[in-house]
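A.B. asks: In case it helps, UniProt numbering puts the sequence shown at residues 1 to 461.
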Amino acid sequence: MRGGGRATLCGPSSGRRLDVETLSTRTSGLNKVFSLMVQTPRPGERVTLSVLSRQLRGYRPLDRLTEDQRILVAARGEQMHVPAGHILVDPERNEGRSYFLLRGALTTMNASGELVTVDAQDSHAVIDSAALQGPIRTLSDCQVLQIETGKLNRLLREAPGVRDGDELQVTASEDPLYAVLTTIHGHLQSNRLQLPSLPDVAWRVRRVADQENSTADDIARVINADPAMAAKLVKAGNSAVFRGFSETTVLRDVIVRLGLDTTRQLVTVFALRELFHTDKPLLLRAMDRLWEHTREVAALSWALARAIPGINPEEAMLAGLLHGIGAIPVIQYAERFPSLCADEVELAAAVEALQGEVGGAILRHWGFSESVCETAEQAGQWLFDTGSDEPRLVDVVLIAQMHALISQQKGGELPVFSDVPAFGRLGALTPEKSLRVLLAAREQIESVKLILSGQPELESE
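#1: Using DSSP with H/G/I as helix, E/B as strand and the rest coil, what is L101?
#2: Does the separation of the CB atoms of L233 and V254 fall below 8 Å?
#3: Between L88, L383 and A353, which lies nearest to P415 when the distance is taken from Cα to Cα?
#4: I need the DSSP call for L88, collapsed to helix, strand or coil.
#5: So V448 is in the alpha helix (DSSP H); what residue range does that whole segment cover?
#6: My guess is that V180 and A350 are in contact by the Cβ rule of under 8 Å, so how many angstroms apart are they, rounded?
#7: Among the candidates L65, G324, K433 and S98, whose CA atom is the shortest distance from the CA of E148?
#8: Can the beta-carbon of residue 485 be found less than 8 Å from the beta-carbon of R137?
#9: The alpha helix (DSSP H) with V416 in it runs from where to where?
#10: Tell me, please, whether the CB atom of V208 is closer than 8 Å to any CB atom in chain B?
#11: What number of angstroms, rounded off, separates the C-alpha of F423 from the C-alpha of P431?
#12: Beta-carbon within less than 6 Å of K449's beta-carbon, same chain only, minus the 5 sequence neighbours each way: which residues are those?
#13: Mind checking which residues open and close the beta strand (DSSP E) that includes residue 466?
#14: Here's the rule: buried if 16 or more other CB atoms are within 10 angstroms of the residue's CB, otherwise exposed. What is H277?
#15: Quick check: the stretch 359-378 against the stretch 322-333, are there 3 or more CB pairs under 8 Å?
#16: By DSSP's criteria, Q146 is part of a beta bridge. Which residues make up the other side?
#17: Pick out whichever of T268, E274, L275 and N238 has its Cα sitting closest to the Cα of L258.
#18: Please tell me whether A230 and L198 are closer than 8 Å, where the distance is taken between their beta carbons.
#19: Is it the case that the stretch 383-403 contacts the stretch 202-220, given that we only count it when at least three CB pairs across the two stretches are under 8 Å?
#20: What is the residue span of the alpha helix (DSSP H) that I406 lies within?
#21: What's the gap between the Cα of R436 and the Cα of R289?
#22: My output table needs one value for R289: the three-state DSSP class, helix, strand or coil.
#23: Please look up how many angstroms separate the CB atoms of A225 and L304, rounded, as I've assumed it's under 8 Å.
#24: Have a look at A111 and D119 and give me their C-alpha separation to the nearest angstrom.
#25: On a CA-only basis, which of M287, E357, L145 and D395 is nearest W302? Give me that one, please.
#26: Does the distance from the C-beta atom of S53 to that of R76 stay below 8 Å?
#27: Where does D279 land, buried or exposed, given buried means 16+ other C-beta within 10 angstroms?
#28: Does the separation of the CB atoms of L195 and I184 fall below 8 Å?
#29: Just to confirm, is the Cβ distance from V144 to L101 under 8 Å?
#30: State the CB to CB distance for the pair G96 and G150, rounded to an integer number of angstroms; the pair is presumed to be in contact (CB under 8 Å).
#31: Please return the same chain residues whose Cβ sits closer than 8 Å to the Cβ of S453, not counting the five positions on each side in sequence.
#32: According to DSSP, is R57 helix, strand or coil?
#33: For a test of the three-state rule: what should DSSP assign to R46, helix, strand or coil?
#34: Leaving aside the five residues before and after V358 along the sequence, list all residues of the same chain whose C-beta is less than 6 Å from its C-beta, in chain order.
#35: Please determine, among R243, G356, L106 and D210, the residue with the shortest C-alpha to C-alpha distance to P83.
#36: So, at 8 Å on beta carbons, what are the nonlocal neighbours of L321 in its own chain, with the 5 sequence-adjacent residues on each side left out?
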């Protein structure tokens, strides 16, 4: 039995029409490819849940769902960037997945041997891989949303709030991921999301440092009002990473040595540590893992930036620390849903789905530059392409993230380094050289990590 109706797709080479079937809840074993009319993203760019939800509304049977339920469908899927010339679906391998085409064009052969092209501008076309003679290939660079067809069908049948056309009240016990996604997304869209505040001392230092005639004395007066922050800055100024020819315990002298810009970045970095906190023991592990990862990425970003002309190492360090800032409210919101607190897999799915959009909102709320906001919004989007010839902070932080995951033995699903656009903008810093740079700077990287944690440095042998 066919489900959902039929659509038509034109094959450009033959002019013949190929009948293609829309999604059926009875075909979970087949690979299917959908085309959606969406705002064209840059290559590799994360498309936000809001954009995906709006576009999914135009496709039956997803138009039966509420916006919140389409957000869940989008969150359960995986956004992928597939270069031109690659096989997206091979009919010989029955993987049971559905692919929503967000950008680019695909080509394949129908049962009659005719060339068929699916373009992202075609409305709601779907190819049933069982009717194909050959694989579906990417004709150009493509952005797709991938989701297991069986999982998609289960969501369509069991999504809270839609049964026989009647809307029901969703509860956290039915689907904790659904609950936290819809709560956070709804608050974000209505400007009611409780965004963390930039710690006061960091805000005041950044405000004074941004003034045209500010001096080291002005900055010192602000920092001295927070003795703990003053001690951390003095300790950092006397570390092997920043120290001059002699040590000093005078805050003003440390600020002069570091410079106003580096001082501002370091104060912000030190102040951010207090945000990585939760009162729920079940969530402490997730928050601690987040802190350890962001601290590692920050230190690696600093080391890489020192080898890249035009990138400020301290700004790269701060961007590395901020790239995962959007995960903090997600973890904190999870405190309201005990079943989500106890499910690390679902919590990780919620963080992955929301941290980019939430992170961008936080950093804009704090007044950071678009280049820093971009590092949070595109965190983990390995194939993101800025379209610029010059290296940007997002390039440095993406490469640092990759190296951090490899060092944690979590790099199994990373793309080949040569396929990562960020490397193409780092000049002489090839994948091999970036590894050598980080290995050579290992001791300094460990020192930076200790500085970020406010701990004393290890003595060199």
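Backbone N, C-alpha and C fix where the C-beta goes; we use that ideal spot for every residue, glycine too.
C.D. replies: In brief:
#1: As a first step, residue 101 must be located in the sequence shown, where it is residue number 101. DSSP places L101 in strand when its eight states are reduced to three.
#2: As a working note, residue 233 is residue 233 in the sequence shown. As a working note, residue 254 is residue 254 in the sequence shown. Cβ distance < 8 Å, so L233 and V254 count as in contact.
#3: What you label residue 415 is simply residue 415 of the sequence shown in a count that begins at 1. Nearest of L88, L383 and A353 to P415, Cα basis: L383.
#4: In the sequence shown, counting from the first residue as 1, residue 88 sits at position 88. Looking at L88 - three-state DSSP - the assignment turns out to be strand.
#5: Along the sequence shown, one-based indexing puts residue 448 at 448. Counting along the chain, the alpha helix (DSSP H) containing V448 begins and ends at R442 to L452.
#6: For the purposes of this step, residue 180 is taken as residue 180 along the sequence shown, with counting starting at 1. For the purposes of this step, residue 350 is taken as residue 350 along the sequence shown, with counting starting at 1. Confirmed, about 5 Å.
#7: Against the sequence shown, residue 148 aligns to sequence position 148. Ranking L65, G324, K433 and S98 by Cα distance to E148 puts S98 first.
#8: This structure leaves residue 485 out entirely; the chain is present only between 1 and 461.
#9: Residue mapping note: residue 416 aligns to position 416 of the sequence shown, counting from 1. Unbroken run through V416: none, as it is neither H nor E.
#10: As a matter of chain content, chain B is missing from the structure shown, which is built from one protein chain.
#11: As a first step, residue 423 is located in the sequence shown; it is residue number 423 there, counting from the start. As a first step, residue 431 is located in the sequence shown; it is residue number 431 there, counting from the start. Answer to the nearest angstrom: the Cα atoms are 7 Å apart.
#12: Reading the sequence shown from its first residue, position 449 is the one you call residue 449. These residues qualify, in order along the chain: R295 and A299.
#13: The question about residue 466 has no answer here: the residues shown for the chain are numbered 1 through 461.
#14: Stepping through the sequence shown from its first residue, residue 277 is reached at position 277. Label assigned to H277: exposed.
#15: Flag = yes, the stretch 359-378 and the stretch 322-333 touch.
#16: For the purposes of this step, residue 146 is identified with residue 146 of the sequence shown, where counting begins at 1. Answer is E78 and Y99.
#17: Mapped onto the sequence shown, residue 258 falls at position 258. Among T268, E274, L275 and N238, the Cα nearest to that of L258 belongs to N238.
#18: Along the sequence shown, read from residue 1 onward, the residue named residue 230 stands at position 230. Along the sequence shown, read from residue 1 onward, the residue named residue 198 stands at position 198. For the pair A230 and L198, the CB atoms are not nearer than the 8 Å cut-off.
#19: Contact annotation: the stretch 202-220 does not touch the stretch 383-403, with fewer than three C-beta pairs closer than 8 Å.
#20: For this step, residue 406 is matched to residue 406 along the sequence shown. L393 to S407 is the span of the alpha helix (DSSP H), which, as asked, contains I406.
#21: As a working mapping, residue 436 is identified with position 436 in the sequence shown. As a working mapping, residue 289 is identified with position 289 in the sequence shown. When rounded, the distance between both Cα atoms is 26 Å.
#22: In the sequence shown, the residue the question calls residue 289 occupies position 289. Helix at R289.
#23: The residue you call residue 225 lines up with position 225 of the sequence shown. The residue you call residue 304 lines up with position 304 of the sequence shown. At roughly 34 Å, the Cβ-Cβ gap does not stay under 8 Å, so A225 and L304 are not in contact.
#24: By 1-based counting over the sequence shown, the position of residue 111 is 111. By 1-based counting over the sequence shown, the position of residue 119 is 119. Between A111 and D119, the C-alpha separation is close to 19 Å.
#25: Looking up residue 302 in the sequence shown gives position 302. Selected option, being the one with the closest Cα: D395.
#26: Position 53 of the sequence shown, counted from the start, is the residue given in the question as residue 53. Position 76 of the sequence shown, counted from the start, is the residue given in the question as residue 76. The answer is no: Cβ separation not under 8 Å.
#27: Within the sequence shown, residue 279 is the residue found at index 279, counting from 1. Exposed, since its Cβ has fewer than 16 Cβ neighbours within 10 Å.
#28: Along the sequence shown, one-based indexing puts residue 195 at 195. Along the sequence shown, one-based indexing puts residue 184 at 184. Cβ distance not < 8 Å, so L195 and I184 don't count as in contact.
#29: By one-based count along the sequence shown, residue 144 stands at place 144. By one-based count along the sequence shown, residue 101 stands at place 101. Yes, these two residues count as a Cβ contact at 8 Å.
#30: Translated into the one-based positions of the sequence shown, residue 96 becomes position 96. Translated into the one-based positions of the sequence shown, residue 150 becomes position 150. Contact between G96 and G150 holds, with the beta-carbon distance rounding to 6 Å and staying under 8 Å.
#31: Along the sequence shown, read from residue 1 onward, the residue named residue 453 stands at position 453. Counting only Cβ-Cβ distances below 8 Å, and skipping sequence neighbours, we find R273 and R295.
#32: Along the sequence shown, one-based indexing puts residue 57 at 57. R57 falls in the coil class under three-state DSSP.
#33: Counting from 1 along the sequence shown, the entry for residue 46 is found at position 46. In the displayed model, R46 falls within coil according to three-state DSSP, outside both helix and strand.
#34: What you label residue 358 is simply residue 358 of the sequence shown in a count that begins at 1. Answer for V358: G326 and P329, listed in chain order.
#35: Against the sequence shown, residue 83 aligns to sequence position 83. Of the listed residues, the one whose Cα sits closest to P83 is L106.
#36: Translated into the one-based positions of the sequence shown, residue 321 becomes position 321. Here the set comprises V269, L272, T294, R295, V297, A298 and L452.
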